[in-house]
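Below is one structure; the comments refer to it alone.
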Amino acid sequence: MGAIQAANENKDGDILFGLNETRWGQVVNGIYDNVKLVDWTPSWADEVGEYAYPGRAYGLVIQNILMLYRNDELGTNGKEVKFKHWADLVDSGYTWYRQGKVGGTTNSNINTSLLYAFVDPASPAGGISIDGWKMLWKYCENGIFTGDSYGFDPLNRGDVQIGTFYSSSLYGAIDAAAEGSKNPLLGTMQPENWALVDIEDGTYYIAEYLGILDRPGRTQEQTEAVTAFAEWFGSAEVQAMWGEEFDSYPCNEKAVEALYPDGKPGIYTIKNFALNKVEGTEMTYAEYVGAHASEWTNIMTNLGFFWADAASASKEPDWDTLDWATLTQSK
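Just so you know, the sequence shown maps onto residues 10 to 340 in my numbering.
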């Protein structure tokens, strides 16, 4: 967000990259007065698949939010875990880690995944049905906050049966799992005592994109240099090297083939619901999240979701009497 604001205020940027679909949707749709993209189609445009705003911006790297479980004696004792929706977790009978604060990118993406099944464009509660907020309260109230920033560590210790984590750091965390637990998760690429929860909906992916800013006063020669850099940086060869160096997963399919000649890692074969269209709107779910994210944050903050200290836990709201316009701060 800071990069967009800086470009909007300073009007001096040449390249915009990173961010996610939520922010890119805002840029492409002209939310920012001074952040405009030039028309641009790189030679590798058809190699990034669905991760493109054609003629505007193209995908670089992706990651997603994962729900993991132990299947040993500290977990499900060999039983597979399958859900239709992320939200099915709250009625699963298993123990799970939940975050201890409202803010944070990973925390927001977990909430976004949980709320996916409750999208309701007509709802005054931030475009989420009241049942969705009841579910998220249950997730918070019955979940276990261990003081850890992410769900990997409590799962690794065996404090919970199910945890959440982000894909880009998973394999490295499992490689080092024994450093933080007497009962660590075992098997990085071939799991021994853990597995991914099989969720029919899929999961929420976060893609970073690359676009060329239309900077006033830039010469034709300068624009050609910027375009050449963008062409080079997003190419399969460079993105494969980038992925190798920074343990990232490229959007470019040719780069994926170079990085993983034996096939894609399982964590990146999960369906992506971030780009699904929201029924009754023209938006993808990622764009829908962007349109409502501030309302969701206001709701969770004002109602006291995700307390860190059980002694200061908020009382469950009387859902039938809430003033959603005030809670969302939409009036």
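All C-beta atoms in this analysis are idealised placements derived from N, C-alpha and C, irrespective of residue type, glycine included.
Just so we're clear, the structure is a prediction, and the values are computed from it rather than from any experiment.
- As computed with DSSP, Lys286 is found in a beta bridge with Thr293.
- Boundaries of the beta strand (DSSP E) harbouring Arg79: Ala66 to Arg79, taken from the DSSP string.
- Per DSSP, Tyr218 is one residue of the beta strand (DSSP E) stretching across Tyr214 to Ile221.
- Burial state of Ile208 is buried, judged by a 10 Å Cβ sphere holding 16 or more other Cβ atoms.
- Glu253 is positioned such that its CB atom lies closer than 8 Å to that of Leu268.
- Ranking Cys149, Leu25 and Asp48 by CA distance to the CA of Lys324 puts Cys149 first.
- Scanning Ala61, Leu46 and Lys45 for the CA closest to the CA of Ala216 turns up Ala61.
- The beta carbon of Asn165 sits closer than 7 Å to those of Ala186, Gly189, Ser190, Pro193 and Leu194, all from its chain and outside the five residues before and after it, given in chain order.
- Ser117 sits away from Trp95, with the two beta carbons spaced by 8 Å or more.
- When C-alpha distances from Leu69 are compared across Glu56, Ala182, Tyr218 and Gly152, the shortest belongs to Tyr218.
- DSSP places Ile171 in the strand class (E or B) of the three-state scheme.
- About 7 Å separates the beta carbon of Thr173 from that of Tyr106, a gap short enough to meet the 8 Å contact definition.
- DSSP places Ile24 inside the beta strand (DSSP E), whose first and last residues are Ile24 to Gly27.
- When Pro51, Ser132, Asn73 and Arg79 are compared, the shortest CA-CA separation from Leu331 is found for Ser132.
- Our two residues, Asp210 and Gly152, have alpha carbons roughly 22 Å apart in a direct line.
- When DSSP states are grouped into helix, strand and coil, Trp142 belongs to the helix group.
- Looking at the backbone, the Cα of Gly156 and that of Ser339 are separated by about 33 Å.
- Contact between the segment 79-87 and the segment 248-263 is absent: fewer than three C-beta pairs spanning the two stretches fall below 8 Å.
- With 16 or more other Cβ atoms inside 10 Å of its own Cβ, Trp142 counts as buried.
- Sequence-distant Cβ neighbours of Val36 in its own chain, meaning closer than 6 Å and more than five residues away, are Val44.
- Excluding residues up to 5 positions away in sequence, Pro130 lie with their Cβ nearer than 6 Å to the Cβ of Gly289 in the same chain.
- The beta-bridge partner set that DSSP reports for Asn261 is empty.
- Between Thr115 and Val298, the C-beta spacing is not below 8 Å.
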